[in-house]
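Just so we're aligned, residue 17 is where the sequence shown starts under the working numbering, counting upward by one. Virtual Cβ for every residue (Gly too), placed ideally from N, Cα, C. Working notes, structure below.
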Amino acid sequence: MLNKEKIIKPIAYIRTEFPSKFGIPRQSSLKNELFGTIVFEPEYCHEEAFRELKGFSHLWIIWHFSETEKGEPSLTVRPPRLGGNRRVGVFASRSPYRPNSLGLSCVKLEKICSDRKSCSIPHCPLGKNLCKKQSGISLLVSGIDMMDKTPIFDIKPYIPITDCHTDASEGYTAITQKHTLSVILPKNIDTVIPSEKLSRLISVLEDDPRPGYRHSEKDSDKTYHIEFDMYDIPFKVKEDSLIVLDNIKIN
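What follows is the structure in structure tokens.
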């Protein structure tokens, strides 16, 4: 009889600009301007584990929905892109509420970092000071859809000839429409949030970070909060505009 259980342990963790899950892009590669740094456990921080990796432009990341509520998994889920009103089978969705809470993301490999003392990557979510305190090899990737410190179980190269299927059908996702908002910022926000980080924040806000079932609501009186890097950003939505409020906090 086959063993019914298998214990797997993280090989790495990813550092991103999302301290909480609210506002994270709903799929990988949707926002290529969002970066993450994959920091490996000591036993995997050896050059031989990354031999020939630089020849690949993209990677598959297998990771854990570590913030998903515990409990018995449901056989059906309500995808946000269907407005939260229609149920589909769990295996016909990418919902985090899955039997094993595993996520799969395709990201772009930007750089293999090995010499941290001379690291000068402007997009690194670790920041220069924290990055230099880390030891061993790390990977800078873009197009992330993961929360900060998400556990990673495996990494595999993306191979275009086998992984790309141009004749693939989209299922129910073909009938959904992209939902975008116009972002209105308070005056002098650039004195609080650096311009480069602000541009990445705006790209997240444009896609409406509210839960999918609220996208049709014009709830101008409700205040939401998104955590982005060290900032707590309050906002409201009115019609087709997202209005960032001026009481931004630094955590």
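Run through the DSSP bridge pairs and tell me what residue i is partnered with.
i	result
D170	I78
Y60	Paired residue(s): none; Y60 is not in a bridge.
R67	Per DSSP, none; premise fails for R67.
R290	The structure shown does not extend to residue 290, since the chain is modelled only from 17 through 267, so no value can be given for it.
I266	Y247
T92	G105
If you follow the alpha helix (DSSP H) that residue i is part of, which residue opens it and which one closes it?
i	result
V253	That residue, V253, is in no alpha helix (DSSP H); its beta strand (DSSP E) goes Y247 to K254.
E212	S211 to E222
I242	Here I242 belongs to no alpha helix (DSSP H); instead the beta strand (DSSP E) covers Y240 to F244.
I177	P176 to D179
Going straight from the alpha carbon of residue i to that of residue j, what length do you get?
i	j	result
A28	F56	4 Å
P173	K254	43 Å
I23	E243	32 Å
T182	P176	11 Å
R103	E68	43 Å
D223	N19	43 Å
F38	G100	16 Å
R230	T178	37 Å
V93	H74	29 Å
S45	S257	24 Å
P96	E83	17 Å
D245	A108	32 Å
I249	N263	8 Å
V220	K124	18 Å
K70	C61	15 Å
L217	F51	12 Å
P58	Y247	31 Å
D161	R42	7 Å
G119	V199	30 Å
L190	V106	Before going on, a small fix: residue 190 reads as Ala here, not Leu. Taking the straight line from one Cα to the other gives about 18 Å.
L16	C122	The first residue shown for the chain is 17 and the last is 267, placing residue 16 beyond what the model contains.
T53	D170	15 Å
F66	K25	19 Å
E63	S158	21 Å
G187	E49	28 Å
V208	K265	9 Å
T239	E33	21 Å
S232	L98	11 Å
K194	S90	27 Å
Along the chain, where does the beta strand (DSSP E) containing residue i start, and where does it finish?
i	result
T53	F51 to F56
L259	Here residue 259 is Ile; the residue named in the question, Leu, does not match the sequence. That run of the beta strand (DSSP E) goes S257 to V260.
S109	Here S109 belongs to no beta strand (DSSP E), and DSSP marks it neither H nor E.
K127	L118 to C129
V157	S154 to S158
S198	S198 to I200
Practice task
Decide yes or no for the touch test of the segment 164 to 172 against the segment 75 to 89: beta carbon pairs closer than 8 Å, at least 3 of them.
Solution key: Judged by Cβ distances under 8 Å, the segment 164 to 172 makes contact with the segment 75 to 89, as three or more pairs qualify.
Exercise for the section: Would you be able to state if there are at least three C-beta pairs under 8 Å between the segment 153 to 164 and the segment 113 to 128? Expected result: Yes: at least three Cβ pairs fall under 8 Å.
Practice task
Examine the Cβ distances between the segment 35 to 51 and the segment 212 to 226 and report whether three or more of them are shorter than 8 Å.
Solution key: yes
Problem - the segment 198 to 205 contacting the segment 108 to 115, beta-carbon criterion three pairs below 8 Å - result: As far as the Cβ criterion goes, the segment 198 to 205 does not touch the segment 108 to 115, which means the pair count is below three.
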